[in-house]
Amino acid sequence: MRTSLKWVVLATIALALAACSSKPDTNDTSRVIGGDQPVADGVGTNPDFDDSQDARMAKLLGIEKNSVYFDFDSDAIKAEYVSILQANANYLKKHPNARILIAGNADPRGSREYNIGLGQRRAVVVRQRLVMMGVNANQMRTVSYGSEKPAVSGNDDYAYSQDRRDDITYDAIG
Amino acid sequence: MKKYSLWILIAGFILSFANRAVAALDIDITRGVVRSIPIAIVPFDENNPNDIARIIGNDLSHSGQFQVMPPNHLPQKPHAADAVSSELWKTLGLDNLVIGNATSVANGQTKVDMTLLDLFHGTESTPTILTQQSYTVANTEMRALAHHISDVIYQKLTGEKGVFSTRLAYVKVESMPNNSRHKRYSLMVSDVDGHNAKPLLSSTQPIMSPDWSADGRFIAYVSFETKLPQIFTSNVATGKRRLISSFSGINGAPSFSPDGRFLAAALSMGNVNPNIYTIDLANGQLKRLTNDAAINTEPSWAPDGQSILFTSDRGGAPQIYSVDLSGQIQRITYLGSYNASANYLPGNASKISLLHRDNKGFNVAIYDLQSGTMQILTQGSFIESPSPAPNGRIIVYSTTFGGRRMLGMVSSNGQMNIRLPEVSGDAQAPAWSPYKG
Chain A
26 MRTSLKWVVL ATIALALAAC SSKPDTNDTS RVIGGDQPVA DGVGTNPDFD
76 DSQDARMAKL LGIEKNSVYF DFDSDAIKAE YVSILQANAN YLKKHPNARI
126 LIAGNADPRG SREYNIGLGQ RRAVVVRQRL VMMGVNANQM RTVSYGSEKP
176 AVSGNDDYAY SQDRRDDITY DAIG
Chain B
679 MKKYSLWILI AGFILSFANR AVAALDIDIT RGVVRSIPIA IVPFDENNPN
729 DIARIIGNDL SHSGQFQVMP PNHLPQKPHA ADAVSSELWK TLGLDNLVIG
779 NATSVANGQT KVDMTLLDLF HGTESTPTIL TQQSYTVANT EMRALAHHIS
829 DVIYQKLTGE KGVFSTRLAY VKVESMPNNS RHKRYSLMVS DVDGHNAKPL
879 LSSTQPIMSP DWSADGRFIA YVSFETKLPQ IFTSNVATGK RRLISSFSGI
929 NGAPSFSPDG RFLAAALSMG NVNPNIYTID LANGQLKRLT NDAAINTEPS
979 WAPDGQSILF TSDRGGAPQI YSVDLSGQIQ RITYLGSYNA SANYLPGNAS
1029 KISLLHRDNK GFNVAIYDLQ SGTMQILTQG SFIESPSPAP NGRIIVYSTT
1079 FGGRRMLGMV SSNGQMNIRL PEVSGDAQAP AWSPYKG
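Residue numbers (our numbering), protein chains in the order written: chain A, 26 to 199; chain B, 679 to 1115.
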């Protein structure tokens, strides 16, 4: 109980911080610096990978898993994943209050920060495709986790092929 | 002389097992030493499993510049200079000897006497005393004192400043017991030998890219605690933190300027690709240094603060470039298809440490700006995040061994390579602190 209460409190703080500090505005360069904040020994939104919720959503969309996989050093969307994106597009257009997070990922080889750049390209390419499918851009956020959230552990070609992906999760189902 | 290189390997394994119960990171020596200073550290307090002499011996051997005689090879165990038989040590090829005492005194304190002897330049019977020190410290400060004594010895014998009292920052990743896909990410600060590891921040979401301010008081890092990346700085002593950057898209790779007034960072500002910016920490003012459709990341300041190294794939593959504060860009590396994570080697403005890929994999390398040569230091394959020590003599990095991420260190001459495995979880993204201010 105590632990879960703590998470709720921390998540609330994190969301409040996010709400007051991270309004993305590329023209406003004056709002970079926040004030000193209290000591934080445990932060973070509720743990993600809410498998049951993601699985329910995938079922609702009529797909197996809401992820798109990429070839090595590529951000090209392969034909086999277009139907997954179309299912998301259909849902988002029908539910204008639904919100998704498109998270791009890279395999773990090489520089972590460079991999953030590679993951960002993969996230943005899917957002662009969904816009082309008629989805309102305001319904989508993108993030790159680079190689910080590998799908599977391991250092072989199979693990890498699972790591190079976009995960689409629903923040609000509308 | 030669047989010490084997000793040091054996000693390393013995010590790594002996330390296993207590060490946060314990140490495997993966490569021995060919040419370095032979030294013996006689036990100060032989019955103490945490004898200060053992910590000093570990420090010196991990520097790659000393061959430390294993305790079971010591021909005698004197505590005072007049009890030292010079001949006994000289026949074993020993030039330098450290002796001393550690005695408990009142109020949980210990008195430590240390003497560094030069056997080579002394007379037959009397070795030369290079330095003699006496300390009284709280028992809880014994490790810190051991590192200080290692620094004193290192400076006397090499003429350079040691790094044994500096610290490491790194990210520790643990799987949560109920679901291996739930992780706990912690920003850790530890002694250079991995001991005294303490979390500065823990999160359910990734933490990346710690970087120390030049005075060692602050660490900048990326936290995904809101699921999106933000750059923070934390006060290392108090843990108090400050949000620095939270723009749309990538907020990555923070790097303190040498004067501590600016952070350089990689920001994508709602676009696909990150560019290099400086952020004035006093007023938040941004200055954009690169402006193109390529990944531009991992800024790292030149020692004079007038230019910044960065990684860019503007040429098709990641290579190292330099940009000055007016935005003039110069390509630095041409050798190989992947160079990233560059830092100037402290104490040598014409060399940079970097992550270099060749046909064997990703390794730590040193690139000489003058001669244009690349010296590859490691033989791993899943190496990343090289970060040089403030004397430029050792580089810490992250590697995969036995399916886990752990820290490794390689001397910048390539002769000494050690691993520091975490007891629980993975250790990654290390950053070596500057000297304490």
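Here a beta-carbon is modelled for each residue, glycine too, at the ideal position from N, C-alpha and C.
Check: At 8 Å on the CB atoms, spell out the chain B contacts of Arg-81/A, in chain order.; Outcome: Those within 8 Å of Arg-81/A in chain B number zero; the least Cβ separation is about 17 Å.
Check: Just confirm the distance between the C-beta atoms of Ser-655/B and Gly-872/B, as a whole number of angstroms; I'd bet it's less than 8 Å.; Outcome: As shown, chain B starts at 679 and ends at 1115. That puts residue 655/B outside it, with no answer to give.
Check: Short of 6 Å in beta carbon distance, which residues of its chain neighbour Ile-827/B, apart from the five on each side in sequence? Order them along the chain.; Outcome: Ile-734 and Met-792
Check: Using DSSP's beta-bridge definition, name the partner residues of Ala-1105/B.; Outcome: Lys-850/B
Check: Which stretch, first to last residue, makes up the beta strand (DSSP E) that contains His-1034/B?; Outcome: 1026-1036
Check: Report buried or exposed for Ser-1098/B, applying the criterion of at least 16 other Cβ atoms within 10 angstroms of its Cβ.; Outcome: Strictly speaking, residue 1098/B in this sequence is Leu, with Ser absent from that position. Under this definition Leu-1098/B is a buried residue.
Check: Considering only their Cβ atoms, is the gap separating Ala-731/B from Asn-774/B smaller than 9 Å?; Outcome: no
Check: State the start and end residues of the unbroken alpha helix (DSSP H) segment that holds Ala-718/B.; Outcome: Note, Ala-718/B: premise wrong, no alpha helix (DSSP H); beta strand (DSSP E) at 715-719.
Check: Does DSSP classify Asn-736/B as helix, strand or coil?; Outcome: helix
Check: Count the other C-beta atoms from every protein chain shown that fall within 10 angstroms of the C-beta of Met-1094/B, then say buried if there are 16 or more, exposed otherwise.; Outcome: buried
Check: With Asp-829/B and Gly-840/B assumed to form a contact (beta carbons below 8 Å), what rounded beta-carbon distance in angstroms separates them?; Outcome: 4 Å
Check: Anything in the segment 145-173 of chain A with a Cβ closer than 7 Å to a Cβ of chain B? List those residues in chain order, please.; Outcome: Gln-145, Arg-146, Val-149, Val-168, Ser-169, Tyr-170 and Glu-173
Check: Counting contacts by CB-CB distance shorter than 9 Å, is Glu-89/A in contact with chain B?; Outcome: no
Check: How many angstroms separate the CA atom of Ser-887/B from the CA atom of Glu-138/A?; Outcome: 8 Å
Check: Are the C-beta of Ile-1054/B and some C-beta of chain A separated by less than 9 Å?; Outcome: no
Check: CB-CB under 6 Å to Met-747/B, same chain, minus the five flanking residues each way: which ones, in chain order?; Outcome: Ala-718
Check: Just to confirm my understanding: we take Leu-1023/B, look at its own chain, exclude 5 residues before and 5 after, and list those with CB closer than 7 Å. What are they?; Outcome: Lys-1029, Ile-1030, Ser-1031, Ile-1044, Pro-1066, Gly-1070 and Ser-1090
Check: Going by C-alpha distance, which of Phe-940/B, Glu-852/B, Ile-1010/B and Lys-850/B is nearest Gln-1048/B?; Outcome: Ile-1010/B
Check: Given that a residue counts as buried once 16 or more other Cβ atoms are within 10 Å of its Cβ, and exposed if not, what is Phe-798/B?; Outcome: exposed
Check: Hey, could you find the ends of the alpha helix (DSSP H) Leu-835/B is sitting in?; Outcome: 820-836
Check: Output, in chain order, the set of chain A residues within a Cβ distance shorter than 7 Å of Glu-1062/B.; Outcome: Gly-135, Ser-136 and Arg-137
Check: So, with DSSP's three-state summary, where would you put Val-33/A?; Outcome: The pLDDT assigned to Val-33/A is 45, lower than 50, so where the model puts this residue is not dependable; a value taken from the coordinates is nonetheless given after this. Reduced to three states, the DSSP call for Val-33/A is helix.
Check: Between Ala-80/A and the ligand PLP, is there a pair consisting of the residue's CB and a ligand heavy atom that are separated by less than 8 Å?; Outcome: As far as ligands go, the structure on display features none, and thus does not contain the ligand PLP.
Check: State buried or exposed for Thr-818/B, treating a residue as buried only when at least 16 other CB atoms are found within 10 Å of its CB.; Outcome: exposed
Check: In chain order, what residues of the segment 101-131 of chain A put their CB closer than 7 Å to some CB of chain B?; Outcome: Leu-126
Check: Looking at the structure shown, is Arg-698/B part of a helix, part of a strand, or coil, going by DSSP?; Outcome: Here Arg-698/B scores only 34 on pLDDT, less than 50, and its place in the model is too uncertain to base an answer on.
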